[in-house]
Structure formats: C-alpha cells, structure tokens
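The sequence shown: position 137 = 137 (full-length UniProt numbering), numbered continuously.
All residues carry an ideal CB built from backbone N, CA and C; glycine is no exception.
Here the structure is a predicted model, which means the values were calculated and not measured.
See structure below.
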Amino acid sequence: MIWKEKYKIGIPTIDKQHEELFNRVADFVQAIRQEGRWEEKIEKVKDTMVFLQEYVVTHFDYEEQYQQTLGYPDCEEHHNIHEAFKADIQSAAKEFADAGYHEQAVQILAGRLLAWLINHVVATDHKMAQYVTEQGLKI
Ligand SMILES: [Fe+2]
1 MIWKEKYKIG IPTIDKQHEE LFNRVADFVQ AIRQEGRWEE KIEKVKDTMV FLQEYVVTHF
61 DYEEQYQQTL GYPDCEEHHN IHEAFKADIQ SAAKEFADAG YHEQAVQILA GRLLAWLINH
121 VVATDHKMAQ YVTEQGLKI
C-alpha cells in the first residue's frame, strides 16, 4: 500500500480523492512490474490511462474550485501545475497509443507518475491546507 497517513493534508474530501488516486496508481505500478508477458498487461495500461484522464481532471477541478472558494492567493500557480500534469498524461496516452504501448516508455511514465503525485501532495497541496489553517478557515 502506497498511501500513508502522513500524506493527509487534513481536508477530508481531498484526502479521500488522493487516497483513491494513489491506490490506483500503486496498483498499476505493481501490475506492470510483476512477472508475466508484457502483452497481457497492456489492457491494464489502457484502463489506467483512461482512469487518469478522467479522475485526475475531476479531482483537480474539485481542488481548484475549493481554492476559489477560499480565495487562495496561489490558486493560479496551482492551476498551472495541474494543467502541466494533465498535458503530460494526455501526451503520454497519445504516444502510447500511437507507438503500441512499449514497455519501457510505460515503465518510465509509471515511475514519474508516482513521484509526481507524492511530491505534489506533500508540497503543493500541503501549502493549500496550511493556508486554510493559518487563516482559520473552515474546511
Ligand atoms: Fe493539487
């Protein structure tokens, strides 16, 4: 299990969404790294790319709307970080589909995904939660 208590930022709905995201990505990483023929894992890769493109967008939208409600001063910067990540996923999905889901390319993305998510939650999302606490805002 990749999800850890320490990744919680203290905003329950967002923490739940992060947990779901982490679990899906961890499950994906585990599936593509286990023994077995690569061809049998391609379905999982396709499913995960679809999931990411849908769930990540929903989650980012939620976070951004939440920040608007708070009047969070760094919301534009946060939005840009989200946009860059969405673009990265989208171009990877297209590249995989065009090139036929090469194992090495997928493995590289999987590692990057996990690292990005952890880093984003503990740094950027945590900063948003800190603002809520500092301002004494209601979660
Ligand atoms: Fe975020």
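Cα-Cα separation, residue i to residue j
i: Glu64; j: Glu77; result: 11 Å
i: Gly36; j: Ala87; result: 31 Å
i: Ile14; j: Val56; result: 12 Å
i: Ala92; j: Leu113; result: 11 Å
i: Thr83; j: Phe60; result: Checking the sequence shown, residue 83 turns out to be Glu, not Thr. Their backbone Cα atoms lie some 9 Å apart in a straight line.
i: Asp27; j: Pro12; result: 22 Å
i: Lys94; j: Val25; result: 18 Å
i: Glu134; j: Tyr7; result: 19 Å
i: Ile2; j: Val132; result: 26 Å
i: Asn80; j: Tyr62; result: 15 Å
i: Thr124; j: Trp116; result: 11 Å
i: Val121; j: Asp98; result: 31 Å
i: Gln34; j: Lys16; result: 27 Å
Run of the alpha helix (DSSP H) containing residue i, from where it starts to where it stops
i: Lys8; result: Careful: Lys8 lies outside any alpha helix (DSSP H) and carries neither H nor E.
i: His102; result: Element bounds for His102: n/a, residue is neither H nor E.
Pick out the complete alpha helix (DSSP H) segments inside the UniProt domain "Hemerythrin-like" (10 to 130), 4 residues or longer, and give them in chain order. Within the UniProt domain "Hemerythrin-like" (10 to 130), complete alpha helix (DSSP H) segments of at least 4 residues are found at 12 to 33, 42 to 51, 57 to 70, 75 to 99, 103 to 119, given in chain order.
Could you say if the segment 67 to 74 and the segment 113 to 130 meet the contact criterion of at least three C-beta pairs nearer than 8 Å? The segment 67 to 74 makes contact with the segment 113 to 130; the number of CB pairs closer than 8 Å reaches 3 or more.
Are the segment 103 to 116 and the segment 32 to 50 in contact at 8 Å, needing three or more beta carbon pairs? Of all C-beta pairs linking the segment 103 to 116 to the segment 32 to 50, three or more are shorter than 8 Å, placing the two stretches in contact.
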